[in-house]
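Reviewing the structure listed below.
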Amino acid sequence: VLFKGAGAIMSSKLVFLGWKLPLVLLTDNDDKFLFDLEVKLKMGHESAKMELMDALVDFPAAVLLRRPGLLRTVLDILGAPATNDPLSSSLVPLDCIQWLRELLILARKAYISV
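Below you can see the structure in the form of structure tokens.
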């Protein structure tokens with residue numbers, strides 16, 4: 316070990332090599348589900364909230380983090396102005412915060428187990 320303390324962190328292999336998400340192969344049905352979920356979120360479909368929460372159980376964090384369209388859509392909902400319109404979306408910003416929090420917890424657990 317060349318360094319101690321913070322220097323040891325900066326000289327770790329992860330800093331030099333970068334940490335990469337593990338490759339997870341998806342079936343055509345899984346890929347279709349995630350694509351449809353993104354579309355439902357954009358359209359404010361009433362089943363989008365439940366399906367988004369189900370995705371946390373059905374897929375590893377690496378899969379969800381590799382879907383920039385899905386993440387962007389969740390962040391767009393998070394940043395949207397609050398509305399009381401029941402037709403605007405079944406997903407509210409607080410739901411997005413909860414989903415992102417759970418996604419980060421799953422990603423951290425996956426990182427620690429590497």
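Numbering-wise (this note's numbering), the sequence shown opens with residue 316 and increments by one. Here a beta-carbon is modelled for each residue, glycine too, at the ideal position from N, C-alpha and C.
Spatial neighbours of residue i in its chain, beta-carbon cut-off 7 Å, leaving aside the 5 residues before and after
i, result
"residue 425", "375, 376, 377"
8 Å Cβ cutoff met for residue i and residue j
i, j, result
"residue 379", "residue 419", "no"
"residue 414", "residue 367", "yes"
Same chain, Cβ closer than 6 Å to residue i, five either side skipped, listed in chain order
i, result
"residue 406", "363, 364, 392"
"residue 282", "The requested residue 282 does not occur in the structure, where the chain is confined to residues 316 to 429."
"residue 411", "389, 392, 393"
"residue 345", "none"
"residue 395", "none"
"residue 369", "none"
Nearest-angstrom Cβ-Cβ length linking residue i and residue j, presumed shorter than 8 Å
i, j, result
"residue 336", "residue 382", "With a Cβ gap of about 11 Å, residue 336 and residue 382 do not count as contacting."
"residue 371", "residue 421", "7 Å"
Contacts around residue i, its chain only, beta-carbon distance under 8 Å, and the 5 residues preceding and following it disregarded
i, result
"residue 353", "382, 384, 385, 388"
"residue 361", "405"
Residue burial classification, residue i (beta-carbon count within 10 angstroms, cutoff 16)
i, result
"residue 316", "Note on residue 316: pLDDT 45, under 50, position unreliable in the model; the coordinate value appears next. Classification of residue 316: exposed, given that the 10 Å Cβ count is below 16."
"residue 423", "exposed"
Worksheet entry | Three-pair Cβ contact test at 8 Å for the segment 387-395 versus the segment 337-346 | no
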